[in-house]
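So the protein sequences, as listed, match chains A and B. FYI, this note's numbering numbers position 154 of the first sequence as 154, with every residue one higher than the one before it. FYI, this note's numbering numbers position 62 of the second sequence as 62, with every residue one higher than the one before it. For every residue, glycine included, the Cβ atom is placed at its ideal position computed from N, Cα and C. As structure tokens, the structure follows; a few thoughts come after it.
Number of protein chains: 2
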Amino acid sequence: MDHDLLVTLKALSDASRLRIVGLLAARPAAVEELAENLALAPGTVVHHLKRLSAAGLVESRPRRPYVEYALKVDRLHQVGRMLDQMERGSEQEAHLPGPSGEPLPAFEAKVLRSFFEGGRLVSIPAHEKKRLVVLEYLRDRCFSEDQVYAEKQVNECLALYHADVASLRRYMVDAGLMTRNAGKYRRPTLSVPMPG
Amino acid sequence: MDHDLLVTLKALSDASRLRIVGLLAARPAAVEELAENLALAPGTVVHHLKRLSAAGLVESRPRRPYVEYALKVDRLHQVGRMLDQMERGSEQEAHLPGPSGEPLPAFEAKVLRSFFEGGRLVSIPAHEKKRLVVLEYLRDRCFSEDQVYAEKQVNECLALYHADVASLRRYMVDAGLMTRNAGKYRRPTLSVPMPG
DNA sequence: GCGGTGATTTGACAGTCATCAAATCAGGAA
DNA sequence: TTCCTGATTTGATGACTGTCAAATCACCGC
């Protein structure tokens, strides 16, 4: 979620891409059309469109013999709203809501309240049971299922909550909350820790 | 205006700076405080704060013995609104409104209508009188007085309207609409072209 | 099947920039 | 004045990325 915002802002923070968004705001267009308007090579335009697409700002559809790229205005509005609410973000995080607002079990709520302050993790719990609560909470806030994360991305989101991202990463992997394969991280498909 | 949006988006499109914004959203803070939370060197934090400041997102105030940096929420909201309205941007430009909405003299209005299409300059007028109308219009939309622009910035804004930015730049300078000094561009302070 | 057109991918290059360590500055206290 | 603390500047380095030209792909009509 937070990570997506970053991706989207990065996508919008380039002159050429902003111009593309401006052009697509008027009407959908093909790659070559954009390339001509922007005085850029088609390959470059494709590169930009891919970034905008990864940010959910643009969608493509075959329109033989062209490919029609169109702006997804909803996403733009979403980003606008996110920025508007960013100032509230930290206050809300101070409430430490559960994944979908439902109340947390008492123990977990207590642990989270005592280890978080102003939306940030003040220290990593030494007791394994408490640590697990914190780690699981962070994992849910940072990573979605069925997505692969580079170590850099993992660090980026964890850093939102605590400076020592290396420890958090290691603990998560050790606890089986995240799996690491060839430098890539992901949530385990079905992690029911079975003893024996 | 458009240029400021780019600067601001660039400022927001970095993980560290987003985290800074998040921290400052909770409460104002000093450089070292931020540096510790982010696990970054103080110098690096200052660098980021300078960028955020240039984007108008942050302001600083001496708070001996510290320097207090605070978020300017208004600016954040402004950006959010700009993104919301970006989709309307091109439509509005299609109307080619004057600098502050007042009606343009008939001749200028006619020239602009015939040389612009969908908010873009379709070709540079060959006739000097018409060209001047177009150039002046573009200058007003791109550059404010009392500000110095690098050539790159000049190109960025002009490119929003026409691919051949080099010609536009040259014509503007030749016509005295912009002055160039040591690679830097600016609007002439008082440009009353006096013959002789 | 074969060309042709438009889209995409690839490899290389250049410019930008985040980051750090270390040097420097600024102002209060001793 | 001379320290001390915190902020800022500087220079260097490494990573990222926007850009292009050229190669490749995908699909259509012949």
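Please report the distance separating the alpha-carbon of A:PRO42 from that of A:GLY56. If you draw a straight line from the Cα of A:PRO42 to the Cα of A:GLY56, it is about 21 Å long.
Using 8 Å as the threshold, is the C-beta distance between B:ARG51 and B:ALA11 below it? The answer is yes: Cβ separation under 8 Å.
So if I threshold CB-CB distances at 9 Å, which residues from the stretch 69-88 of chain A count as touching chain B? When C-beta distances to chain B are compared with 9 Å, the residues of the stretch 69-88 of chain A below that value are LEU71, VAL73, LEU76, HIS77, VAL79, GLY80, ARG81, MET82, LEU83, ASP84, GLN85, MET86, GLU87, ARG88, in chain order.
I want to see whether chain B comes within less than 8 Å of A:ALA39, judged by CB atoms only; does it? Residue-level contact by beta carbon holds for A:ALA39 and chain B, with a gap shorter than 8 Å.
Counting pairs of Cβ atoms below 8 Å between the stretch 75-88 of chain B and the stretch 69-79 of chain A, do you hit three or more? Three or more beta-carbon pairs separated by less than 8 Å link the stretch 75-88 of chain B to the stretch 69-79 of chain A, which places the two stretches in contact.
To the nearest angstrom, how far is the alpha carbon of B:LYS72 from that of A:ARG169? Spanning the two alpha carbons is a distance of roughly 33 Å.
Kindly say whether B:SER13, judged by its beta-carbon, lies nearer than 8 Å to any beta-carbon of chain A. Interface with chain A (8 Å Cβ-Cβ cutoff): B:SER13 is included.
Alpha carbon of A:GLY30 to alpha carbon of A:LEU158, nearest angstrom: In the sequence under discussion, the amino acid at residue 30 of chain A is Ala, which differs from the Gly named in the question. So the two alpha carbons sit approximately 39 Å from each other.
Beta bridge counterpart(s) of B:LYS184 as assigned by DSSP: Beta-bridge analysis with DSSP links B:LYS184 to B:ALA150, B:ASN181.
Let me make sure I understand the geometry here. Which of A:ALA150, A:SER144, A:VAL154, A:ALA163 has the alpha-carbon closest to that of A:THR189? For the options A:ALA150, A:SER144, A:VAL154, A:ALA163, the alpha carbon positioned closest to that of A:THR189 is the one of A:SER144.
In whole angstroms, what separates the C-alpha of A:VAL7 from that of B:ALA126? Looking at the two C-alpha atoms, the distance is approximately 43 Å.
Going along the chain, which residues of the stretch 39-66 of chain B sit with their C-beta nearer than 8 Å to a C-beta in chain A? So the close ones are ALA39.
Between which two residues does the beta strand (DSSP E) carrying A:VAL67 extend? Element bounds for A:VAL67: 66-71.
Quickly, what does DSSP pair B:LEU158 with across the bridge? List them, please. BP columns for B:LEU158 are empty, so no partner.
Whose C-beta lies closer than 6 Å to the C-beta of A:SER191 among residues of the same chain, with five residues either side of it excluded? Any reading at A:SER191 must be qualified, since the residue scores a pLDDT of 42, below 50, and its modelled position is unreliable; the value itself is stated next. Around A:SER191: GLY176.
State the Cα-Cα distance for the pair A:LEU18 and A:VAL111, rounded to the nearest angstrom. So the two alpha carbons sit approximately 44 Å from each other.
Taking CB distances under 8 Å as the criterion, tell me whether B:LEU138 reaches chain A. So, not an interface residue.
Leaving aside the five residues before and after A:LEU23 along the sequence, list all residues of the same chain whose C-beta is less than 7 Å from its C-beta, in chain order. Short of 7 Å from the beta carbon of A:LEU23, and not among the five residues preceding or following it, lie these beta carbons of its own chain, in chain order: ALA29, LEU34, ASN37.
Using a Cβ-Cβ cut-off of 7 Å (strictly less than) and excluding sequence neighbours within five positions of A:GLU197, which residues of its own chain qualify? Any property of residue 197 of chain A remains undetermined from this structure, which presents chain A solely from 1 to 196.
Could you confirm whether any beta carbon from chain A is found closer than 8 Å to the beta carbon of B:ARG19? Yes - at least one Cβ of chain A is within 8 Å of the one on B:ARG19.
Along the alpha helix (DSSP H) that carries B:ARG51, what are the first and last residues, could you check? Segment 42-54, the alpha helix (DSSP H) holding B:ARG51.
Assuming A:VAL134 is part of the alpha helix (DSSP H), what are its boundary residues? It spans 128-142 - the alpha helix (DSSP H) in which A:VAL134 sits, taken as one unbroken run.
Separation of A:HIS47 from A:TYR69, as counted between CA atoms: Taking the straight line joining both Cα atoms gives about 13 Å.
Return yes when the Cβ of B:LEU121 is within less than 8 Å of the Cβ of B:TYR161, no when it is not. Yes, Cβ-Cβ distance for B:TYR161 and B:LEU121 is below 8 Å.
Going by Cα to Cα distance, which pick from A:ASP4, A:LEU135, A:ASP164 is closest to B:SER13? The shortest CA-to-CA distance from B:SER13 to any of A:ASP4, A:LEU135, A:ASP164 is the one to A:ASP4.
Run through chain A and tell me which residues come within less than 8 Å of B:ARG120, C-beta to C-beta. Result: ASN37.
On a CA-only basis, which of B:ASP74, B:ARG64, B:MET86, B:VAL67 is nearest A:ASP74? Give me that one, please. Selected option, being the one with the closest Cα: B:MET86.
Residues in its own chain within less than 7 Å of A:GLN92 by CB, not counting five upstream and five downstream? Per-residue confidence for A:GLN92 stands at a pLDDT of 38, beneath the threshold of 50, marking its modelled position as unreliable; no derived number is given.
My guess is that B:MET172 and B:ARG139 are in contact by the Cβ rule of under 8 Å, so how many angstroms apart are they, rounded? Contact flag correct, Cβ pair sits at about 6 Å.
If you follow the alpha helix (DSSP H) that B:VAL165 is part of, which residue opens it and which one closes it? Segment 165-174, the alpha helix (DSSP H) holding B:VAL165.
How many angstroms separate the CA atom of A:ALA54 from the CA atom of B:VAL67? The alpha-carbon atoms of A:ALA54 and B:VAL67 are separated by roughly 39 Å.
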